[in-house]
Amino acid sequence: MPSQDEYFAAVFDVTPVGIAIADERGHYVDVNPTYCRMFGYAREELIGQSFRLILRPEDRHLEADILRMALSHDRSAPNEWQVRTRDGGTLTVRSSFRPLQAPDGSTRVVTALADVTALYDTIDRLRDSEHRLQELNADLEHLVAARTAELAERNRELSDAVAKLEASRARVEHLALHDPLTGLPNRTQLRQVLDEMLALPGSFGVLFIDLDGFKPVNDTLGHDSGDLVLVTVAQRLREALPAECFVGRLGGDEFVAVLPHTDRAAACAVGEKLIAALAAPIVIEGGAQCQLGASIGVALGPQHGRNRRSLLTAADRAMYAAKRSGKGRVAVAGEDSAASAA
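If you're matching positions, the sequence shown starts at 1 in the UniProt record's numbering and goes up one per residue.
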(Lines of atoms letter the chains of each structure in order from A and count residues from 1; the text may use other names and numbers.)
(Lines give C-alpha, C1' and ligand atoms only; values in the text may rest on other atoms or scores of the structure.)
Protein backbone atom coordinates (compact mmCIF):
# COMPACT_ATOMS: atom_id res chain seq x y z
CA MET A 1 0.00 0.00 0.00
CA PRO A 2 1.38 3.46 -0.88
CA SER A 3 2.52 5.59 2.05
CA GLN A 4 0.96 8.92 2.96
CA ASP A 5 3.99 10.70 1.47
CA GLU A 6 3.46 8.83 -1.80
CA TYR A 7 -0.20 9.88 -1.86
CA PHE A 8 0.75 13.52 -1.28
CA ALA A 9 3.45 13.33 -3.98
CA ALA A 10 0.90 11.98 -6.46
CA VAL A 11 -1.58 14.77 -5.66
CA PHE A 12 1.22 17.36 -5.93
CA ASP A 13 2.09 16.10 -9.42
CA VAL A 14 -1.42 15.81 -10.93
CA THR A 15 -3.39 18.68 -9.36
CA PRO A 16 -4.53 21.32 -11.91
CA VAL A 17 -3.50 24.07 -9.45
CA GLY A 18 0.02 25.47 -9.63
CA ILE A 19 1.84 24.75 -6.33
CA ALA A 20 5.22 26.12 -5.28
CA ILE A 21 7.19 25.61 -2.06
CA ALA A 22 9.67 28.35 -1.12
CA ASP A 23 12.10 28.92 1.75
CA GLU A 24 12.17 31.89 4.12
CA ARG A 25 14.01 34.00 1.52
CA GLY A 26 11.37 33.35 -1.13
CA HIS A 27 13.57 30.95 -3.12
CA TYR A 28 11.87 27.97 -4.76
CA VAL A 29 12.45 24.61 -3.08
CA ASP A 30 9.96 22.64 -5.19
CA VAL A 31 7.29 23.29 -7.83
CA ASN A 32 4.70 21.00 -9.38
CA PRO A 33 4.23 20.41 -13.14
CA THR A 34 1.18 22.68 -13.31
CA TYR A 35 3.19 25.60 -11.89
CA CYS A 36 5.91 24.99 -14.50
CA ARG A 37 3.37 24.92 -17.34
CA MET A 38 1.70 28.13 -16.13
CA PHE A 39 4.93 30.12 -16.32
CA GLY A 40 6.76 28.26 -19.11
CA TYR A 41 9.78 27.15 -17.05
CA ALA A 42 11.29 23.74 -16.43
CA ARG A 43 11.42 22.65 -12.80
CA GLU A 44 15.24 22.74 -12.83
CA GLU A 45 15.17 26.38 -13.98
CA LEU A 46 13.01 27.47 -11.04
CA ILE A 47 14.61 25.60 -8.13
CA GLY A 48 16.84 28.01 -6.21
CA GLN A 49 15.44 31.09 -7.98
CA SER A 50 13.51 33.83 -6.13
CA PHE A 51 9.75 34.17 -6.71
CA ARG A 52 10.69 37.69 -7.87
CA LEU A 53 11.16 35.96 -11.23
CA ILE A 54 7.37 35.90 -11.81
CA LEU A 55 6.67 39.45 -10.60
CA ARG A 56 6.04 42.13 -13.20
CA PRO A 57 8.69 44.89 -13.22
CA GLU A 58 6.23 47.41 -11.74
CA ASP A 59 5.42 45.05 -8.83
CA ARG A 60 8.95 43.97 -7.84
CA HIS A 61 9.17 46.64 -5.13
CA LEU A 62 6.45 44.63 -3.33
CA GLU A 63 8.66 41.52 -3.06
CA ALA A 64 9.48 41.96 0.65
CA ASP A 65 5.86 42.74 1.59
CA ILE A 66 4.52 39.69 -0.28
CA LEU A 67 7.05 37.41 1.45
CA ARG A 68 6.21 38.92 4.84
CA MET A 69 2.47 38.40 4.34
CA ALA A 70 3.02 34.83 3.17
CA LEU A 71 5.28 33.92 6.14
CA SER A 72 2.81 35.45 8.62
CA HIS A 73 -0.25 33.92 6.89
CA ASP A 74 -1.70 37.43 6.68
CA ARG A 75 -5.31 36.93 5.55
CA SER A 76 -5.61 40.60 4.62
CA ALA A 77 -3.18 39.99 1.75
CA PRO A 78 -4.63 40.34 -1.76
CA ASN A 79 -5.85 37.07 -3.23
CA GLU A 80 -5.54 38.20 -6.84
CA TRP A 81 -2.31 39.10 -8.64
CA GLN A 82 -1.02 39.77 -12.11
CA VAL A 83 2.18 37.82 -12.75
CA ARG A 84 4.70 37.48 -15.59
CA THR A 85 5.39 34.35 -17.64
CA ARG A 86 8.69 33.36 -19.17
CA ASP A 87 7.72 34.74 -22.60
CA GLY A 88 6.73 38.12 -21.12
CA GLY A 89 3.01 37.44 -21.05
CA THR A 90 0.73 38.37 -18.15
CA LEU A 91 -1.49 36.00 -16.16
CA THR A 92 -4.16 36.91 -13.64
CA VAL A 93 -4.06 34.39 -10.77
CA ARG A 94 -5.95 33.74 -7.55
CA SER A 95 -3.54 32.80 -4.79
CA SER A 96 -3.39 31.36 -1.30
CA PHE A 97 -0.35 31.16 0.97
CA ARG A 98 0.37 28.97 3.99
CA PRO A 99 3.57 28.78 6.05
CA LEU A 100 4.66 25.28 7.16
CA GLN A 101 7.51 24.05 9.34
CA ALA A 102 9.96 21.75 7.56
CA PRO A 103 11.44 18.69 9.34
CA ASP A 104 14.70 20.63 9.87
CA GLY A 105 12.82 23.36 11.78
CA SER A 106 12.96 25.97 9.02
CA THR A 107 9.86 27.63 7.62
CA ARG A 108 8.51 26.88 4.18
CA VAL A 109 5.81 28.82 2.31
CA VAL A 110 3.36 26.78 0.25
CA THR A 111 1.71 28.84 -2.52
CA ALA A 112 -1.24 27.65 -4.60
CA LEU A 113 -2.07 29.58 -7.79
CA ALA A 114 -5.17 29.23 -9.97
CA ASP A 115 -5.10 30.88 -13.40
CA VAL A 116 -8.27 33.04 -13.73
CA THR A 117 -7.19 34.89 -16.87
CA ALA A 118 -10.07 33.19 -18.66
CA LEU A 119 -12.48 34.90 -16.24
CA TYR A 120 -11.85 38.22 -17.96
CA ASP A 121 -12.36 36.60 -21.36
CA THR A 122 -15.67 35.29 -20.03
CA ILE A 123 -16.73 38.83 -19.14
CA ASP A 124 -16.19 39.89 -22.75
CA ARG A 125 -18.11 36.90 -24.08
CA LEU A 126 -20.99 37.65 -21.71
CA ARG A 127 -21.16 41.19 -23.05
CA ASP A 128 -21.28 39.91 -26.64
CA SER A 129 -23.98 37.38 -25.75
CA GLU A 130 -26.04 40.07 -24.04
CA HIS A 131 -25.84 42.29 -27.12
CA ARG A 132 -26.96 39.47 -29.41
CA LEU A 133 -29.88 38.61 -27.12
CA GLN A 134 -30.97 42.24 -26.95
CA GLU A 135 -30.95 42.48 -30.77
CA LEU A 136 -33.02 39.31 -31.02
CA ASN A 137 -35.42 40.61 -28.38
CA ALA A 138 -35.88 43.86 -30.33
CA ASP A 139 -36.75 41.92 -33.50
CA LEU A 140 -39.27 39.79 -31.65
CA GLU A 141 -41.01 42.85 -30.20
CA HIS A 142 -41.95 43.92 -33.76
CA LEU A 143 -43.62 40.56 -34.35
CA VAL A 144 -45.49 40.21 -31.06
CA ALA A 145 -48.52 42.21 -32.18
CA ALA A 146 -49.19 39.86 -35.11
CA ARG A 147 -48.04 36.56 -33.66
CA THR A 148 -49.45 34.06 -31.22
CA ALA A 149 -49.19 33.80 -27.45
CA GLU A 150 -46.30 31.40 -28.03
CA LEU A 151 -44.18 34.26 -29.35
CA ALA A 152 -45.20 36.42 -26.41
CA GLU A 153 -44.04 33.68 -24.03
CA ARG A 154 -40.75 33.38 -25.92
CA ASN A 155 -40.25 37.11 -25.59
CA ARG A 156 -40.74 36.88 -21.84
CA GLU A 157 -38.22 34.04 -21.60
CA LEU A 158 -35.68 36.00 -23.61
CA SER A 159 -36.18 39.04 -21.38
CA ASP A 160 -35.58 36.86 -18.33
CA ALA A 161 -32.41 35.49 -19.94
CA VAL A 162 -31.14 39.01 -20.62
CA ALA A 163 -31.87 40.05 -17.02
CA LYS A 164 -30.05 37.00 -15.64
CA LEU A 165 -27.14 37.59 -17.97
CA GLU A 166 -26.92 41.24 -16.89
CA ALA A 167 -27.00 40.23 -13.22
CA SER A 168 -24.28 37.63 -13.82
CA ARG A 169 -22.15 40.13 -15.76
CA ALA A 170 -22.54 42.72 -13.00
CA ARG A 171 -21.45 40.20 -10.35
CA VAL A 172 -18.42 39.10 -12.37
CA GLU A 173 -17.38 42.70 -13.09
CA HIS A 174 -17.79 43.68 -9.43
CA LEU A 175 -15.55 40.79 -8.33
CA ALA A 176 -12.98 41.76 -10.95
CA LEU A 177 -12.85 45.43 -9.89
CA HIS A 178 -13.32 45.41 -6.08
CA ASP A 179 -11.43 44.25 -3.00
CA PRO A 180 -13.38 41.34 -1.45
CA LEU A 181 -12.65 42.37 2.17
CA THR A 182 -13.40 46.13 2.21
CA GLY A 183 -15.54 46.51 -0.89
CA LEU A 184 -13.26 49.32 -2.09
CA PRO A 185 -12.11 49.47 -5.72
CA ASN A 186 -9.01 47.34 -6.32
CA ARG A 187 -5.73 47.87 -8.17
CA THR A 188 -7.35 47.17 -11.57
CA GLN A 189 -9.93 49.94 -11.12
CA LEU A 190 -7.23 52.31 -9.79
CA ARG A 191 -5.28 51.87 -13.03
CA GLN A 192 -8.39 52.79 -15.04
CA VAL A 193 -9.01 55.93 -12.96
CA LEU A 194 -5.39 57.11 -13.23
CA ASP A 195 -5.41 56.61 -17.01
CA GLU A 196 -8.63 58.65 -17.26
CA MET A 197 -7.23 61.46 -15.09
CA LEU A 198 -3.99 61.60 -17.10
CA ALA A 199 -6.01 62.02 -20.30
CA LEU A 200 -7.75 65.14 -18.91
CA PRO A 201 -6.26 68.65 -18.64
CA GLY A 202 -5.35 70.08 -15.23
CA SER A 203 -3.64 68.91 -12.07
CA PHE A 204 -4.83 66.09 -9.81
CA GLY A 205 -3.54 64.50 -6.63
CA VAL A 206 -2.52 60.92 -5.81
CA LEU A 207 -2.34 60.08 -2.09
CA PHE A 208 -0.52 56.86 -1.13
CA ILE A 209 -1.81 55.91 2.35
CA ASP A 210 0.00 53.34 4.53
CA LEU A 211 -1.25 52.51 8.03
CA ASP A 212 1.13 52.95 10.98
CA GLY A 213 0.86 50.29 13.69
CA PHE A 214 -1.34 47.79 11.82
CA LYS A 215 0.99 44.79 12.11
CA PRO A 216 0.79 44.66 15.94
CA VAL A 217 -3.02 44.47 15.63
CA ASN A 218 -2.70 41.25 13.62
CA ASP A 219 0.04 39.91 15.92
CA THR A 220 -1.74 40.62 19.22
CA LEU A 221 -5.48 40.56 18.42
CA GLY A 222 -5.53 38.12 15.50
CA HIS A 223 -6.26 38.37 11.80
CA ASP A 224 -10.06 38.47 12.27
CA SER A 225 -9.64 41.66 14.29
CA GLY A 226 -7.21 42.92 11.67
CA ASP A 227 -9.87 42.39 9.00
CA LEU A 228 -12.41 44.38 11.06
CA VAL A 229 -9.88 47.20 11.43
CA LEU A 230 -9.29 47.32 7.66
CA VAL A 231 -13.04 47.47 7.01
CA THR A 232 -13.35 50.37 9.49
CA VAL A 233 -10.39 52.18 7.90
CA ALA A 234 -12.02 51.84 4.47
CA GLN A 235 -15.27 53.30 5.80
CA ARG A 236 -13.49 56.26 7.41
CA LEU A 237 -11.58 57.01 4.22
CA ARG A 238 -14.81 57.04 2.20
CA GLU A 239 -16.51 59.32 4.72
CA ALA A 240 -13.57 61.75 5.01
CA LEU A 241 -13.01 62.21 1.27
CA PRO A 242 -15.15 64.51 -0.92
CA ALA A 243 -17.74 62.68 -3.02
CA GLU A 244 -15.88 63.28 -6.30
CA CYS A 245 -12.69 61.61 -5.02
CA PHE A 246 -11.65 57.99 -5.61
CA VAL A 247 -10.27 55.70 -2.91
CA GLY A 248 -9.13 52.10 -3.41
CA ARG A 249 -7.17 49.39 -1.64
CA LEU A 250 -3.91 48.15 -3.14
CA GLY A 251 -3.57 45.30 -0.66
CA GLY A 252 -2.49 44.71 2.93
CA ASP A 253 -2.68 48.05 4.76
CA GLU A 254 -2.06 50.23 1.69
CA PHE A 255 -4.71 52.49 0.15
CA VAL A 256 -4.66 55.10 -2.63
CA ALA A 257 -6.87 58.17 -3.04
CA VAL A 258 -7.17 60.19 -6.27
CA LEU A 259 -8.26 63.83 -5.97
CA PRO A 260 -9.41 65.57 -9.18
CA HIS A 261 -8.66 69.27 -9.87
CA THR A 262 -6.25 69.54 -6.92
CA ASP A 263 -3.08 71.50 -6.21
CA ARG A 264 -0.33 70.81 -3.67
CA ALA A 265 -1.92 72.74 -0.77
CA ALA A 266 -5.36 71.18 -1.22
CA ALA A 267 -3.92 67.66 -1.54
CA CYS A 268 -1.87 68.10 1.67
CA ALA A 269 -4.95 69.43 3.48
CA VAL A 270 -6.92 66.34 2.47
CA GLY A 271 -4.02 64.17 3.63
CA GLU A 272 -4.03 65.82 7.06
CA LYS A 273 -7.81 65.31 7.25
CA LEU A 274 -7.41 61.60 6.51
CA ILE A 275 -4.70 61.21 9.16
CA ALA A 276 -7.02 62.84 11.71
CA ALA A 277 -9.94 60.60 10.70
CA LEU A 278 -7.84 57.45 11.07
CA ALA A 279 -6.36 58.49 14.43
CA ALA A 280 -9.62 57.95 16.36
CA PRO A 281 -9.64 54.68 18.38
CA ILE A 282 -11.26 51.67 16.72
CA VAL A 283 -13.44 49.43 18.88
CA ILE A 284 -13.13 45.74 18.05
CA GLU A 285 -15.43 42.86 19.06
CA GLY A 286 -15.22 42.17 22.77
CA GLY A 287 -14.61 45.81 23.64
CA ALA A 288 -10.91 45.85 22.76
CA GLN A 289 -9.59 49.04 21.19
CA CYS A 290 -6.71 49.86 18.92
CA GLN A 291 -5.36 53.16 17.63
CA LEU A 292 -3.63 53.49 14.29
CA GLY A 293 -1.85 56.23 12.46
CA ALA A 294 -1.14 56.79 8.80
CA SER A 295 1.75 58.02 6.69
CA ILE A 296 0.73 59.62 3.40
CA GLY A 297 2.74 60.37 0.28
CA VAL A 298 1.41 62.95 -2.19
CA ALA A 299 2.17 63.09 -5.91
CA LEU A 300 0.60 65.49 -8.40
CA GLY A 301 -0.26 64.50 -11.93
CA PRO A 302 1.12 65.22 -14.40
CA GLN A 303 3.81 67.18 -12.49
CA HIS A 304 5.33 64.09 -10.81
CA GLY A 305 4.56 61.56 -13.52
CA ARG A 306 2.98 61.34 -16.94
CA ASN A 307 1.92 57.72 -16.57
CA ARG A 308 0.27 55.80 -13.77
CA ARG A 309 3.36 53.79 -12.89
CA SER A 310 5.59 56.83 -12.34
CA LEU A 311 2.85 58.64 -10.39
CA LEU A 312 2.30 55.71 -8.01
CA THR A 313 6.05 55.28 -7.59
CA ALA A 314 6.45 58.98 -6.73
CA ALA A 315 3.60 58.85 -4.19
CA ASP A 316 4.95 55.59 -2.70
CA ARG A 317 8.42 57.10 -2.23
CA ALA A 318 6.92 60.19 -0.63
CA MET A 319 4.98 57.93 1.76
CA TYR A 320 8.22 56.23 2.84
CA ALA A 321 9.76 59.68 3.34
CA ALA A 322 6.85 60.49 5.68
CA LYS A 323 7.53 57.29 7.64
CA ARG A 324 11.23 58.10 7.92
CA SER A 325 10.30 61.57 9.23
CA GLY A 326 8.41 60.10 12.17
CA LYS A 327 5.17 58.62 10.76
CA GLY A 328 1.73 60.22 11.09
CA ARG A 329 2.75 62.74 8.44
CA VAL A 330 2.16 63.94 4.90
CA ALA A 331 5.10 64.17 2.50
CA VAL A 332 5.10 65.52 -1.06
CA ALA A 333 7.03 63.89 -3.90
CA GLY A 334 10.32 65.63 -4.60
CA GLU A 335 10.42 67.47 -1.26
CA ASP A 336 12.78 66.63 1.60
CA SER A 337 10.51 67.32 4.57
CA ALA A 338 7.17 66.00 5.76
CA ALA A 339 4.45 67.94 7.55
CA SER A 340 3.27 66.70 10.95
CA ALA A 341 -0.32 65.57 11.22
CA ALA A 342 -2.63 67.94 13.05
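All C-beta atoms, glycine included, are put in the ideal place defined by N, C-alpha and C.
Of the residues D13, R187 and V109, the one whose Cα lies closest to the Cα of G248 is R187. Under the DSSP assignment, S295 falls in the beta strand (DSSP E) whose first and last residues are G293 to G301. In this structure, the CA atom of E239 is about 18 Å from the CA atom of L181. Annotation note: the segment 224–259 contains the following uninterrupted beta strand (DSSP E) runs of length 3 or greater, listed N- to C-terminal: 246–251 and 254–259. Per DSSP, the unbroken beta strand (DSSP E) holding E80 starts and ends at E80 to R84.
At a Cβ-Cβ threshold of 8 Å, F97 and H131 do not count as neighbours. For Q134 and S310, the gap between their C-alpha atoms comes out near 42 Å. When DSSP states are grouped into helix, strand and coil, Y41 belongs to the coil group. Taken in chain order, the unbroken stretches of beta strand (DSSP E) that lie wholly in the segment 46–130 and span 3 residues or more are 80–84, 90–101 and 107–115.
Per DSSP, V14 is one residue of the alpha helix (DSSP H) stretching across Q4 to V14.
By the Cβ neighbour-count rule, E254 is buried, with 16 or more other Cβ atoms within 10 Å of its own. Under the DSSP definition of a beta bridge, D212 partners with G293.
The Cβ atoms of L177 and Q189 sit closer than 8 Å to each other.
Assigned with DSSP and collapsed to three states, A276 falls in helix.
Where A333 is concerned, there is no enclosing beta strand (DSSP E), because DSSP gives it neither an H nor an E.
Between L312 and E272, the alpha-carbon positions lie close to 19 Å from each other.
DSSP places G205 within a strand segment (E or B) once states are collapsed to three. Per DSSP, D23 has no beta bridge partner at all. Contact annotation: V231 and L211 have beta-carbon atoms that are not nearer than 8 Å.
In the displayed model, G183 falls within coil according to three-state DSSP, outside both helix and strand. Q82 and L55 have their C-alpha atoms spaced approximately 8 Å apart. In this chain, the beta strand (DSSP E) harbouring D30 covers Y28 to V31. G326 carries a coil assignment under DSSP once its states are collapsed to helix, strand and coil. Counting the other CB atoms within 10 Å of its CB gives Y35 a total of 16 or more, which places it among the buried residues.
Minimum Cα-Cα distance from N32 among the listed residues A20, E58, L241 and F8 corresponds to A20.
Of the residues assessed, F8 falls on the exposed side of the cut-off, its CB having fewer than 16 other CB atoms within 10 angstroms. Between G213 and E45, the alpha-carbon positions lie close to 39 Å from each other. Comparing alpha-carbon positions, the option among V283, D179 and D263 lying closest to S225 turns out to be V283.
The beta-carbon separation of A257 and L278, rounded to 12 Å, does not stay under the 8 Å limit for a contact. A distance of 8 Å or more separates the beta carbons of A10 and T111.
Under the 10 Å beta carbon count, V14 is surrounded by fewer than 16 other beta carbons and is classified as exposed.
Looking at R108, L228, R43 and L292, the one whose alpha-carbon comes closest to that of G183 is L228. With contacts defined as CB atoms closer than 8 Å, L113 and S129 fail to qualify as a contacting pair. For D115, the CB contacts under 8 Å within the same chain, skipping 5 residues up- and downstream, are G18, M38, L91, T92 and V93 in chain order.
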